[in-house]
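Novice: Quick one: this structure, given as structure tokens, is what I'll be asking you about.
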Amino acid sequence: MMRGPASIATAVREPSGEIMVKKEDLVSVADKYPVLKKPMIRGVVALIESLVIGLKALSFSAQAAGEEGEELSNKEIAMTMIFSLGLAILLFVVLPTYAAKYIHSAITDARLLNLFEGILRLTVFLVYIVGISLMKDIQRVFQYHGAEHKTIHAYEAGMPLTVDNVRGFSTLHPRCGTNFLLIVMVVSIIMFAFLGWPSLWERIVSRIILMPLVAGIAYEIIRFAGRSQAAWVRISILPGLWLQKLTTREPSDDQIEVAIQAFEAVRPAEDPETATPPEGLCSPSAC
1 MMRGPASIAT AVREPSGEIM VKKEDLVSVA DKYPVLKKPM IRGVVALIES LVIGLKALSF
61 SAQAAGEEGE ELSNKEIAMT MIFSLGLAIL LFVVLPTYAA KYIHSAITDA RLLNLFEGIL
121 RLTVFLVYIV GISLMKDIQR VFQYHGAEHK TIHAYEAGMP LTVDNVRGFS TLHPRCGTNF
181 LLIVMVVSII MFAFLGWPSL WERIVSRIIL MPLVAGIAYE IIRFAGRSQA AWVRISILPG
241 LWLQKLTTRE PSDDQIEVAI QAFEAVRPAE DPETATPPEG LCSPSAC
């Protein structure tokens with residue numbers, strides 16, 4: 001799936017071998033309410049919209065690939081998002097916050113306790129990524145993820161989008177949502193370190209309430225990083241690029257063809273040097 005400045009395209013290879021492309025106009029709630037485009041707010045809006053877009057794209061791809069079942073309704077998408085959010089809160093908020101209480105007797109400094117909790121949260125996140133990467137279906141998703149990145153790299157380099165040209169580029173990209181998630185973890189560690197050490201439920205609630213702010217800060221950081229060529233910025237995003245070695249795989253030529261078709265559907269008409277490049281499913285605005 002590729003998201004461009006004004007449209008979204010999902011390309012799927014059907015059982016017959018043909019590639020089906022579904023293109024839709026990109027309509028954001030922020031266009032109706034400009035205040036939602038303000039810094040710190042736009043990241044949260046983009047994140048929510050991208051979750052909806054991603055679920056719809058996955059639903060469409062399953063149908064086009066010949067899998068049984070109907071496309072997800074708006075109610076089913078909402079329920080899926082609620083379930084996913086609840087699972088994320090359980091794994092990345094409740095579990096590390098609860099586990100950190102067991103070292104309270106050994107460490108009394110609140111900042112150190114919060115730092116330990118943050119390290120636990122990051123550890124759970126990494127274990128989760130490694131765990132799902134072992135699943136066969138997820139490995140295939142990660143191959144398409146790599147194909148998206150390669151295609152965007154080729155476009156940004158001004159190369160004709162052919163399989164041979166795209167194949168030579170890296171599967172790692174600085175605007176990937178994997179970077180965004182890692183920055184969320186780091187920002188949360190820094191922010192939560194200054195919240196003291198109240199009761200367990202107060203800690204859990206405070207972290208849930210502050211997550212939109214954390215996501216907003218992380219979005220602004222990665223937005224800046226994606227546009228800056230400063231050496232220190234390039235160095236600072238290296239951990240996110242390393243993490244992408246888990247969330248991307250080398251794609252097959254067939255998968256690259258699908259990524260190219262999705263990209264071409266939303267390709268800007270302007271010159272590559274001045275145009276806003278389309279973004280893949282795991283870009284910061286789509287993860």
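In case it helps, UniProt numbering puts the sequence shown at residues 1 to 287. For every residue, glycine included, the Cβ atom is placed at its ideal position computed from N, Cα and C.
With DSSP collapsed to three states, give me the class of G4.
Specialist: Looking at G4 - three-state DSSP - the assignment turns out to be coil, as it is neither helix nor strand.
Novice: Within 10 Å of its beta-carbon, does M211 have 16 or more other beta-carbons around it, so buried, or fewer, so exposed?
Specialist: So M211 ends up on the buried side.
Novice: Within 10 Å of its beta-carbon, does P239 have 16 or more other beta-carbons around it, so buried, or fewer, so exposed?
Specialist: Answer is exposed; the Cβ neighbour count stays below 16.
Novice: Do you know offhand how far L55's Cα is from R3's?
Specialist: Cα-Cα distance, rounded: 14 Å.
Novice: Leaving aside the five residues before and after F92 along the sequence, list all residues of the same chain whose C-beta is less than 7 Å from its C-beta, in chain order.
Specialist: Excluding residues within five positions, the ones whose Cβ falls inside 7 Å are R121, V124, F125.
Novice: Around the C-beta of V205, are 16 or more other C-beta atoms found within 10 angstroms, so that it is buried, or is it exposed?
Specialist: Answer is exposed; the Cβ neighbour count stays below 16.
Novice: For the region 170–209, list the alpha helix (DSSP H) runs that are entirely contained and at least 4 residues long, ordered along the chain.
Specialist: Complete alpha helix (DSSP H) runs here, min 4: 177–192.
Novice: Hey, out of F116, M81, I256, I190, whose CA is closest to A154's CA?
Specialist: It is I256 whose Cα lies nearest to the Cα of A154.
Novice: Taking 8 Å as the cut-off, decide whether the C-beta atoms of D31 and V163 are in contact.
Specialist: Against a cut-off of 8 Å, the Cβ pair of V163 and D31 comes out as no contact.
Novice: Could you tell me the alpha carbon to alpha carbon distance between L281 and S199, rounded to whole angstroms?
Specialist: Model confidence at L281 stands at a pLDDT of 40, short of 50, so the residue's coordinates are unreliable and nothing is read from them.
Novice: Do you know whose CA, among A265, G86, E250, lies nearest S170's CA?
Specialist: When only C-alpha atoms are compared, the closest one is E250.
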